[in-house]
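Note sheet for the following structure.
In the numbering used here, the protein residues as written are 472 to 741.
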């Protein structure tokens, strides 16, 4: 028997035995893993070994306290899966489909999510830091008490996503080709701190007690949005052209005029 030749980015060396004609073990080979691996994952995923979870399909199960750092999830399908207190740092997700999936108390620092579809996803008490989201369509997703820090958004579309108590901090610069779009989203008690929000598009979104602190709004576009008790302290490049048919309650309008006194909005109260 030979030994698996896999070495992860964090220095883990796999010592599982493999067949003579194989270089990698079951977990680190790129073969599709179509069977139900729920129990195996619970037993094996303990040391940040960077599993190659290609084609994995999980339904109606719970994964708790797993160390899945550096893992690659390609072409996976999750339906009705709950992940609790899992470490998904530096994981990569590509061409995957997640539906009715709950992430509770999970960490996704340095992770990358590309060309995937997410529907009815719930993130709570979790964190995304230094991550990259690329060509992603979020739909009917709820994010509660989430930290999103230094996350790069590339051609990301968020549809009917609800954010509650979410903190967005120190975002990387958004380039013109990134074009993040927000459609019919609700943001309650959220904070955008020191962010480059240039080239963002917000369509029919509702903001309640949400603060934009020291943010840049160059070529930012709010269309048919509603603002309740929001603030814009330290805003840069904010002008009337940023708001098209948007509405403000008195507190939001008062706070907005502090940083943009020339604002003349026809509909001044919602």
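All residues carry an ideal CB built from backbone N, CA and C; glycine is no exception. A quick note: this is a predicted structure, and the numbers were derived from the prediction, not measured.
Is the separation between the beta-carbon of residue 675 and that of residue 694 shorter than 9 Å? yes
Would residue 691 be called buried (16 or more neighbouring beta carbons within 10 Å of its own) or exposed? buried
For residue 620 and residue 726, what's the separation of their Cα atoms in angstroms? 25 Å
What does the Cβ neighbour count give for residue 520, buried or exposed, with the cut at 16 atoms within 10 Å? buried
Bounding residues of the alpha helix (DSSP H) (the contiguous stretch that carries residue 721): 721-730
Inter-residue Cα distance where the pair is residue 571 and residue 732: 45 Å
Reduced DSSP category for residue 644 - H, G, I as helix; E, B as strand; rest coil: Summary for residue 644: the model assigns pLDDT 47, below 50, so the residue's position carries little reliability, and this model does not support an answer.
Evaluate residue 588 with the Cβ neighbour count: other Cβ atoms within 10 Å of its Cβ, from every protein chain shown; 16 or more gives buried, anything less gives exposed. exposed
Output needed for residue 680: all residues of its chain with C-beta closer than 6 Å, excluding positions within five of it in sequence on either side, in chain order. 660 and 700
Which residues bound the beta strand (DSSP E) around residue 511? Here residue 511 belongs to no beta strand (DSSP E); instead the alpha helix (DSSP H) covers 509-515.
I need the straight-line Cα distance from residue 565 to residue 721, nearest angstrom please. 44 Å
Between residue 529 and the rest of its own chain, which residues show a CB-CB distance below 8 Å, the 5 nearest in sequence each way excluded? Excluding the 5 residues flanking it on each side, residue 529 has same chain C-beta neighbours closer than 8 Å at 507, 508, 509, 547, 548, 549, 550 and 552, in chain order.
Inter-residue Cα distance where the pair is residue 501 and residue 476: 13 Å
Need the endpoints of the beta strand (DSSP E) that residue 568 sits in, please. 568-570
DSSP state of residue 711, grouped into three classes? helix
Apply the 10 Å Cβ neighbour rule to residue 560 and answer buried if 16 or more other Cβ atoms are within range, or exposed otherwise. buried
Residue range of the beta strand (DSSP E) that includes residue 573: 573-575
Can you list, in chain order, the residues of its chain with a C-beta nearer than 6 Å to that of residue 522? Leave out the 5 residues immediately preceding and following it. 498 and 542
Going by DSSP, name the residue or residues bridged to residue 550. 530 and 570
With DSSP as the reference, label residue 734 as helix, strand or coil. coil
For a cutoff of 9 Å on Cβ pairs, would you count residue 689 as touching chain E? The structure shown has no chain E; it contains just one protein chain.
What would DSSP say about residue 614, mapped onto helix, strand or coil? strand
Using C-beta distances below 7 Å, list every residue in its chain close to residue 647, excluding the 5 sequence neighbours before and after it, in chain order. Note on residue 647: pLDDT 48, under 50, position unreliable in the model; no value is reported.
Secondary structure at residue 742, three-state DSSP: helix, strand or coil? No answer is possible for residue 742: the residues shown for the chain start at 472 and end at 741.
Measuring straight from C-alpha to C-alpha, what distance separates residue 472 and residue 511? 22 Å
In its own chain, which residues sit with a C-beta less than 8 Å from the C-beta of residue 486, not counting the 5 before and 5 after it? Cβ neighbours of residue 486 beyond the five flanking positions: 474 and 475.
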